[in-house]
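S.K.: There's a structure below that I have some questions on.
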Ligand SMILES: [Fe+2]
Ligand SMILES: [Fe+2]
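Chains as they are written, first to last, in this note's numbering: chain A, 342 to 457; chain B, 0 to 175.
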């Protein structure tokens with residue numbers, strides 16, 4: 342990631358990374374080849390959608406339909422086609438990102454309340 | 000770096016999820032009362048049926064109250080899935096016992112929500128929930144009063160007929 346006043350890295354894994362853009366108030370997900378920008382609420386509902394996928398079914402159901410999971414990204418007209426392995430990695434990235442957002446929020450409350 | 004989360008909502012995720020769970024519980028309560036109304040209506044207890052229809056509507060209002068609160072706080076309220084509810088009751092009296100138990104369960108749930116709000120220092124939501132705390136006191140009084148009628152009037156002879164007529168009056172202020 343390049344240095345920038347408005348772009349902050351939130352979390353990074355081997356498979357991708359996320360940034361927060363302070364200019365557009367978006368959370369930007371870079372995963373594999375795809376780049377998707379979310380508003381906060383959409384990010385949360387996307388994360389929940391990814392968390393809800395039943396990995397157990399994907400492992401044990403031999404039907405071809407269970408090899409991939411297609412997840413629609415909210416309001417972006419983009420969809421992710423994910424294998425079991427992708428899903429595990431995406432979950433990791435999204436939960437790490439949520440942790441960074443939570444932490445930032447806590448820091449704001451604890452430190453910056455009087456800064457403005 | 001901006002605090003995108005706080006800019007969007009004041010609700011902590013655990014409070015948001017707990018409120019959405021309460022939305023579902025109110026919807027289930029509404030559905031349960033509807034089933035009770037149906038049982039009463041089909042078995043000839045028309046006043047009790049009316050009473051339960053009214054309760055069912057009230058529970059839906061409770062649900063919407065939380066629904067709008069969530070939206071006002073900037074988060075998504077989820078339209079709840081409601082599973083099948085009991086339709087078979089062994090007796091007229093058992094319906095009112097089930098109704099009281101259901102209200103007690105709701106009271107517990109509201110109390111747990113208030114505790115959660117205090118723990119995470121969400122005083123706005125706690126304040127919002129105080130309406131429900133008060134409402135549950137009322138709901139339990141009504142449910143208990145209905146059961147009391149079975150003891151006061153007695154089920155013998157035309158007892159159940161009398162009980163039915165008095166049940167509907169519970170929610171009206173002019174208790175005869
Ligand atoms: Fe209620
Ligand atoms: Fe109630």
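Think of the CB as a built atom: it goes at the ideal place given N, C-alpha and C, for glycine as much as any other residue.
Against chain A, with Cβ distances strictly below 7 Å, would residue 11 of chain B count as a contact?
M.R.: Answer no: the Cβ-Cβ gap between residue 11 of chain B and chain A never drops below 7 Å.
S.K.: May I ask you to report which of helix, strand or coil DSSP gives residue 372 of chain A?
M.R.: Residue state, collapsed to three classes: strand.
S.K.: When a residue counts only if its C-beta is closer than 6 Å to some heavy atom of ligand 1, which residues count, in chain order?
M.R.: Listed by chain position, these are B:25, B:28, B:58, B:61 and B:105.
S.K.: By alpha-carbon positions, which one of B:64, B:38, B:41 and B:29 ends up nearest to residue 53 of chain B?
M.R.: The option with the nearest alpha carbon to residue 53 of chain B is B:29.
S.K.: Buried or exposed for residue 479 of chain A, please, with buried defined as at least 16 other CB atoms from any protein chain shown within 10 angstroms of its CB.
M.R.: No answer is possible for residue 479 of chain A: the residues shown for chain A start at 342 and end at 457.
S.K.: From which residue to which residue does the alpha helix (DSSP H) around residue 161 of chain B run?
M.R.: Note, residue 161 of chain B: alpha helix (DSSP H), 158-166.
S.K.: Is the CB of residue 446 of chain A under 7 Å away from at least one CB in chain B?
M.R.: So yes, residue 446 of chain A belongs to the interface.
S.K.: For residue 355 of chain A, count the other beta carbons within 10 Å of its own beta carbon; 16 or more makes it buried, fewer makes it exposed. Which is it?
M.R.: Residue 355 of chain A comes out exposed.
S.K.: Along the region 344-369 of chain A, where does the CB come closer than 8 Å to a CB of chain B? Name the residues.
M.R.: So the list reads 349, 361, 363, 366 and 368, given in the order they occur along the chain.
S.K.: In whole angstroms, give me the CA-to-CA distance for residue 46 of chain B and residue 71 of chain B.
M.R.: Roughly 38 Å separates the two Cα atoms.
S.K.: Label residue 365 of chain A either buried or exposed according to how many other C-beta atoms from any shown protein chain fall within 10 Å of its C-beta, with 16 as the threshold for buried.
M.R.: With fewer than 16 other Cβ atoms within 10 Å, it is exposed.
S.K.: Using a cut-off of 7 Å between C-beta atoms, extract the partners of residue 23 of chain B located in chain A.
M.R.: By Cβ distance, chain A contributes nothing, its closest Cβ being about 15 Å from residue 23 of chain B, past 7 Å.
S.K.: Going by C-alpha to C-alpha distance, which of B:62, B:44, B:105 and B:116 sits closest to residue 94 of chain B?
M.R.: It is B:44 whose Cα lies nearest to the Cα of residue 94 of chain B.
S.K.: Determine the extent of the alpha helix (DSSP H) in which residue 46 of chain B is found, giving its start and end residues.
M.R.: Run containing residue 46 of chain B: 45-71, per the alpha helix (DSSP H) assignment.
S.K.: Taking residue 352 of chain A as part of the beta strand (DSSP E), name the residues at either end of that continuous run.
M.R.: That run of the beta strand (DSSP E) goes 348-353.
S.K.: Among B:38, B:67 and B:1, which one has its Cα closest to the Cα of residue 18 of chain B?
M.R.: Per the Cα distances, B:67.
S.K.: Which ranges does the alpha helix (DSSP H) cover as unbroken runs of at least 4 residues, wholly within the region 9-48 of chain B, from first to last along the chain?
M.R.: As far as the region 9-48 of chain B is concerned, its whole alpha helix (DSSP H) runs of at least 4 residues are 12-41.
S.K.: Give me the subset of the region 403-432 of chain A whose CB atoms are less than 8 Å from a CB atom of chain B, sorted by chain position.
M.R.: Correct list: empty, as no residue qualifies.
S.K.: Buried or exposed, going by whether 16 or more other CB atoms sit within 10 Å of the CB of residue 175 of chain B?
M.R.: Because the pLDDT at residue 175 of chain B is just 44, under 50, the model does not fix this residue reliably, and the value given afterwards should be weighed accordingly. With fewer than 16 other Cβ atoms within 10 Å, it is exposed.
S.K.: Using the Cα positions of residue 165 of chain B and residue 84 of chain B, report the straight-line distance between them to the nearest angstrom.
M.R.: Answer to the nearest angstrom: the Cα atoms are 26 Å apart.
S.K.: Answer yes or no: does any C-beta atom of chain A fall closer than 7 Å to that of residue 7 of chain B?
M.R.: Residue 7 of chain B counts as touching chain A.
S.K.: Excluding five sequence neighbours on each side, which residues of the same chain lie with their C-beta closer than 8 Å to the C-beta of residue 88 of chain B?
M.R.: Cβ neighbours of residue 88 of chain B beyond the five flanking positions: 35, 38, 94 and 97.
S.K.: Which chain B residues sit within Cβ distance under 9 Å of residue 397 of chain A?
M.R.: Neighbours of residue 397 of chain A on chain B: none; closest Cβ ~21 Å, over 9 Å.
S.K.: Using C-beta distances below 6 Å, list every residue in its chain close to residue 142 of chain B, excluding the 5 sequence neighbours before and after it, in chain order.
M.R.: Excluding sequence neighbours, residue 142 of chain B sits near 98, 99 and 102.
S.K.: Counting contacts by CB-CB distance shorter than 7 Å, is residue 4 of chain B in contact with chain A?
M.R.: At least one chain A Cβ lies under 7 Å of residue 4 of chain B.
S.K.: According to DSSP, is residue 112 of chain B helix, strand or coil?
M.R.: Note: residue 112 of chain B maps to helix in three-state DSSP.
S.K.: Along the region 93-119 of chain B, what residues have a CB closer than 9 Å to any CB found in chain A?
M.R.: Listed by position, the residues of the region 93-119 of chain B near chain A (Cβ gap below 9 Å) amount to none.
S.K.: Considering only the alpha carbon of each residue, which of B:132, B:63, B:31 and B:104 lies closest to residue 51 of chain B?
M.R.: Checking every option, the nearest Cα to that of residue 51 of chain B belongs to B:31.
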